[in-house]
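Structure first, commentary second.
Chains as they are written, first to last, in the working numbering: chain A, 368 to 907; chain B, 136 to 543.
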């Protein structure tokens, strides 16, 4: 791993936390983990969160960004549907800046039939989800790209949610209330003290420094990685890992979330997200949590299947494919992963013949992260004998009230005087150099991907083909000594990571653009798989 | 309706070379293109085959290489064909803005990523880059010009670097063409030279982004060298490319002077084929569709970027004539698992296969259209990006295609 900040920054950060003690140690910087950190902090309980990558490195950052109405679950899993609509309303209140309230349509095609539609409307009613039945003509006037053969649609309060902002805001709020958070810090072992877990051993993944953190409680909020942590205590829970693959288009295909109105299946949803749309999803068993790819077959399947809802989808430009791994709680009966409950579970290992002081929270979904955190912290409070109620459902996140849509970004840019605008690093997404400078000044980012996570750099049409070269120039300017000789290694690592997302969608216009990017980096800049050539002909 | 001896489709370096060669042979030529051609994106120097080590004699190296790569476009032209085509190219660029080889082998020049890159012919504005030594070189970037990161270059090359501010010009709009046009003004380049001179600490070489003027680059170079007292060289930047645009303009100027017809900015919308021959093409210029007829045609439309090849979800096609395209069997095999795979991605070998006369053939080796030839990067069985042969293939096959077309 190649770093982009100075050794001095890291040493400073490390000294503060070396061999620490805390009340509650949380493992995992996804929505659940940061949600727990915020809930604990709001209730005045000291905590420390460790995350082996950056925030949202797992399923929290690799989903569809869907603010579920619960409609998808209404027919098959009424309890999940009720949880969704309750949390949907709470999130709109506490995190309006992470949400685009687009609404959603459940679209019935002739092959879906009217019966499921009638069931759907009934089930939504029972779960407390508002529905508005639309005629084909009404649906087409709202979403002109829909298949004109549709037999009807039902509008529900779906929306789009930005998981990264949500998680970072939870983390930021927790930190402002005294929580400590260490990213790029991996748990290597659980420390036992007789029948209790007394803390964890961790390793900084960038500096390789190892240290210990003592804690009264250890919460395993690692999602799909839950068994990875539990193995350190000789434990295991029944978790099915299900890979879901998604595609991103270059433009926004619809104004609303589009769902097929039929039993949950693969390839049945299109979620608008800022300037693009996200198409999903597949459901395949995942064996390896660290290495999984989107296959050409999955891509073809998604495009074919979703072309039923939007017939001219095939001509669209796709900019990227990605996959996430859902942690699904294993039920007794085998079968389709979609039939496994999307519910969550909270396991107190001490009460089921494991060591005391260790709690696992897993399963669930992004929509219920807050509820999962609430239940976890309720349990910890109960065991600590504290009677402090949860307030995360009423306390708004710190950035609430601040717009984050394209329109807001353009307005902010327009309001600035020309001289203050400065250089635009990313022409696709209009990211000014100043935005990166501000993140660097905060001093929390450790590597290139951390910067990319926190801005819209590399998220646009060229997927970083142009702006990352510029970003590295900026980093070289700021940290000359530290990245000397290394920034082309960072650049090459970035291009490899980018490749994982781009390779599955290379045809048509994307492939054309890729020839440009390859011509720049391998042709013009002569970056190769081998060692660089230096002036005078010697190798580096 | 006009009738031509030859219609060239494509205005990249291959198409321009073919058109110029044909005009030189007295033919009446039409050249059509829908964009500006890859020259204006990446054109800087003239590569023949970068993978031949600098210490190897290029003629010997390429001759040996052709023997080992019998399907490569160079196997159609041979070393002699490359040599005469390159000589003709050089004839178009008399001093002061001339292209030269520095010896018998490839030469290494610095890039915008601070790497060294092999090439064959170098324009006068880049020549000193081959002689630079890190201790004696100052790399100069311009604040606000984001497509050349001077600190990246100087750190990797282990040179000293400075970033100059150009206060009169805001930070937002500094593009390579804007800078190049400013450099064409004598007073501007004198001031830039003076700012550089003030930053120097005894360096003998100055490396600058490749924006040293569009109209009179040699004069820009001369000014900067006389003000700084050092040897100045250009370093290639992110697209668009100013040195490539110079090549494009020089060709266009020559073709217009010699009476070639141009149709730029509109795509070929249809072709008229009869009895295994192409009789004419349609060019869409809404609301009109114009018809142009010729005895011969050269297809030099480039690869995917230029529109010469197009990838559907399940296959690669040639959109103008529907000529069969040699390609990997399925989409999953187009690209390797890693971006920097040691082997070039299989899709780069895809393209149009031809007979010795550069006439496209089908899988059975039969000529598809008797009076159509293909030239440039659309041809199959090369890996121009990795092997660094883009300009060489364009020039050598464009030259040969025109010669063969007019001999028929």
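Where a beta carbon is used, it is the ideal one built from N, C-alpha and C, also for glycine.
Thinking C-beta only, is residue 350 of chain B closer than 7 Å to residue 396 of chain B? For the purposes of this step, residue 396 of chain B is taken as the residue at position 261 of the second chain. For the purposes of this step, residue 350 of chain B is taken as the residue at position 215 of the second chain. With respect to the 7 Å criterion, residue 396 of chain B and residue 350 of chain B are not classified as neighbours on the basis of their beta carbons.
Which residues of the segment 519-536 of chain A have a Cβ closer than 9 Å to any Cβ of chain B? Give them in chain order. Listed in sequence order: no entries.
Once DSSP output is grouped into helix, strand and coil, what is the label at residue 719 of chain A? Your numbering for residue 719 of chain A matches position 352 in the first chain. Assigned with DSSP and collapsed to three states, residue 719 of chain A falls in helix.
Closer than 6 Å by C-beta to residue 432 of chain B: which residues in its own chain qualify, once you throw out the five before and the five after it? Chain order, please. As a first step, residue 432 of chain B is located in the second chain; it is residue number 297 there, counting from the start. Within the same chain, Cβ atoms closer than 6 Å to the Cβ of residue 432 of chain B are found at 142, 413 and 507, the five residues on either side in sequence being excluded.
What runs of the alpha helix (DSSP H), each 4 residues or longer, lie entirely inside the segment 239-316 of chain B? Runs of the alpha helix (DSSP H) spanning 4 or more residues and lying entirely within the segment 239-316 of chain B occur at 285-292, in chain order.
What residues in the segment 468-479 of chain B have a beta carbon less than 7 Å from any beta carbon of chain A? Taking 7 Å as the Cβ-Cβ cut-off against chain A, the residues of the segment 468-479 of chain B that qualify are 469, 470, 473, 474, 475, 476 and 477.
Determine the extent of the beta strand (DSSP E) in which residue 892 of chain A is found, giving its start and end residues. The residue you call residue 892 of chain A lines up with position 525 of the first chain. Run containing residue 892 of chain A: none; DSSP gives neither H nor E here.
Measuring CB to CB, does residue 725 of chain A end up less than 7 Å from residue 585 of chain A? The sequence position of residue 725 of chain A within the first chain is 358, counting from 1. The sequence position of residue 585 of chain A within the first chain is 218, counting from 1. Contact: yes.
Which residues in the same chain as residue 451 of chain A place their Cβ atom closer than 7 Å to its Cβ, once the five residues preceding and following it in sequence are excluded? As a working note, residue 451 of chain A is residue 84 in the first chain. Shown here for residue 451 of chain A: same chain residues with a beta carbon closer than 7 Å to its own, the five before and five after excluded, namely 435, 436, 437, 440 and 734 in chain order.
Beta carbons nearer than 7 Å to chain A: which residues of the segment 444-471 of chain B have them? For the segment 444-471 of chain B, the beta-carbon criterion of a distance under 7 Å to any beta-carbon of chain A is satisfied by 446, 447, 448, 466, 467, 469 and 470.
Starting from the C-beta of residue 647 of chain A, find all residues in its chain whose C-beta is less than 6 Å away, skip the five residues before and the five after it, and write them out in chain order. For the purposes of this step, residue 647 of chain A is taken as residue 280 along the first chain, with counting starting at 1. Within the same chain, Cβ atoms closer than 6 Å to the Cβ of residue 647 of chain A are found at 431, 613 and 636, the five residues on either side in sequence being excluded.
CB of residue 285 of chain B within 7 Å of CB of residue 279 of chain B, strictly: Here the question's residue 285 of chain B lines up with position 150 in the second chain. Here the question's residue 279 of chain B lines up with position 144 in the second chain. It is not a contact, given that the beta carbons lie outside the stated cut-off.
Let me check understanding here. Comparing Cα to Cα, which of A:532, A:745, A:576 and A:759 lies closest to residue 822 of chain A? Sequence index remark: in the first chain, residue 822 of chain A carries index 455 (1-based). Of all alpha-carbon atoms in A:532, A:745, A:576 and A:759, the one lying nearest the alpha-carbon of residue 822 of chain A is that of A:532.
Chain B contact for residue 610 of chain A (CB, 7 Å cutoff): Along the first chain, read from residue 1 onward, the residue named residue 610 of chain A stands at position 243. Not an interface residue.
Please tell me whether residue 892 of chain A has its Cβ less than 7 Å away from any Cβ of chain B. Position 525 of the first chain, counting from 1, holds the residue named residue 892 of chain A. Yes, contact with chain B.
Which class does residue 639 of chain A belong to by DSSP, given the choice of helix, strand or coil? For the purposes of this step, residue 639 of chain A is taken as residue 272 along the first chain, with counting starting at 1. Look at residue 639 of chain A here: in three-state DSSP terms it is strand.
Length at least 4, wholly inside the segment 423-496 of chain A: the alpha helix (DSSP H) runs in chain order: The alpha helix (DSSP H) runs of length 4 or more contained entirely in the segment 423-496 of chain A are, from start to end of the chain, 438-441, 445-461 and 480-494.
Quick test of the definition: if touching needs 3 or more C-beta pairs under 8 Å, does the segment 521-530 of chain B touch the segment 176-192 of chain B? A contact exists between the segment 521-530 of chain B and the segment 176-192 of chain B.
First and last residue of the uninterrupted alpha helix (DSSP H) at residue 589 of chain A: Along the first chain, read from residue 1 onward, the residue named residue 589 of chain A stands at position 222. Careful: residue 589 of chain A lies outside any alpha helix (DSSP H) and carries neither H nor E.
Can you list, in chain order, the stretches of the beta strand (DSSP E) that have 3 or more residues and sit fully within the segment 174-218 of chain B? Runs of the beta strand (DSSP E) spanning 3 or more residues and lying entirely within the segment 174-218 of chain B do not occur at all.
Name, please, each residue of chain A whose Cβ falls closer than 8 Å to the Cβ of residue 279 of chain B. Taking the first residue of the second chain as 1, we reach residue 279 of chain B at position 144. Ordered by position in chain A, the residues that pass the 8 Å Cβ test against residue 279 of chain B are 790.
In this structure, does DSSP put residue 529 of chain A in helix, strand or coil? Position 162 of the first chain, counted from the start, is the residue given in the question as residue 529 of chain A. Residue 529 of chain A falls in the coil class under three-state DSSP.
In whole angstroms, what separates the C-alpha of residue 291 of chain B from that of residue 251 of chain B? As a working mapping, residue 291 of chain B is identified with position 156 in the second chain. As a working mapping, residue 251 of chain B is identified with position 116 in the second chain. Here the alpha carbon of residue 291 of chain B sits roughly 10 Å from the alpha carbon of residue 251 of chain B.
Mind pulling the chain B residues with CB within less than 7 Å of residue 440 of chain A? Counting from 1 along the first chain, the entry for residue 440 of chain A is found at position 73. What residue 440 of chain A touches in chain B: nothing, since even the nearest Cβ is about 32 Å away.
Length of the line joining the Cα atoms of residue 570 of chain A and residue 395 of chain A: Here the question's residue 570 of chain A lines up with position 203 in the first chain. Here the question's residue 395 of chain A lines up with position 28 in the first chain. When rounded, the separation of the alpha-carbon atoms in residue 570 of chain A and residue 395 of chain A is 14 Å.
For residue 404 of chain B, the first and last residue of its enclosing beta strand (DSSP E): Within the second chain, the letter at position 269 stands for residue 404 of chain B. Per DSSP, residue 404 of chain B belongs to the beta strand (DSSP E) from 403-409.
If residue 460 of chain A and residue 744 of chain A are in contact, beta carbons under 8 Å, what's the gap, nearest whole angstrom? As a working note, residue 460 of chain A is residue 93 in the first chain. As a working note, residue 744 of chain A is residue 377 in the first chain. In this structure, residue 460 of chain A and residue 744 of chain A do not form a Cβ contact; the two beta carbons are roughly 19 Å apart against a cut-off of 8 Å.
Output, in chain order, the set of chain B residues within a Cβ distance shorter than 8 Å of residue 843 of chain A. Numbered from 1 along the first chain, position 476 holds the residue referred to as residue 843 of chain A. For the C-beta of residue 843 of chain A, the chain B residues within less than 8 Å are, from N- to C-terminus, 284, 286, 287 and 290.
Taking the continuous alpha helix (DSSP H) assigned at residue 334 of chain B, which residues delimit it? In the second chain, counting from the first residue as 1, residue 334 of chain B sits at position 199. Element bounds for residue 334 of chain B: 321-334.
Where residue 473 of chain A and residue 629 of chain A are concerned, what is the direct C-alpha to C-alpha distance, given to the nearest angstrom? Along the first chain, read from residue 1 onward, the residue named residue 473 of chain A stands at position 106. Along the first chain, read from residue 1 onward, the residue named residue 629 of chain A stands at position 262. Answer to the nearest angstrom: the Cα atoms are 8 Å apart.
Just how far apart, CA to CA, sit residue 516 of chain B and residue 486 of chain B? The residue you call residue 516 of chain B lines up with position 381 of the second chain. The residue you call residue 486 of chain B lines up with position 351 of the second chain. Distance between the alpha carbons of residue 516 of chain B and residue 486 of chain B: 7 Å.
For the pair the segment 147-154 of chain B and the segment 354-362 of chain B, tell me if three or more CB-CB distances fall below 8 Å. No, the segment 147-154 of chain B is not in contact with the segment 354-362 of chain B.
Partner residues on chain B for residue 896 of chain A, Cβ-Cβ distance less than 7 Å: What you label residue 896 of chain A is simply residue 529 of the first chain in a count that begins at 1. In chain order: 475, 476 and 477.
Give a yes or no on contact between the segment 157-177 of chain B and the segment 384-403 of chain B, applying the rule of three or more CB pairs nearer than 8 Å. As far as the Cβ criterion goes, the segment 157-177 of chain B touches the segment 384-403 of chain B, which means the pair count is three or higher.
Could you give the uninterrupted runs of the alpha helix (DSSP H) lying entirely in the segment 802-843 of chain A, keeping only those of 4 residues or more? Listed in chain order, the complete alpha helix (DSSP H) runs (minimum 4 residues) inside the segment 802-843 of chain A are 815-821.
Taking only three categories from DSSP, how would you classify residue 462 of chain B? In the second chain, the residue the question calls residue 462 of chain B occupies position 327. Residue state, collapsed to three classes: coil.
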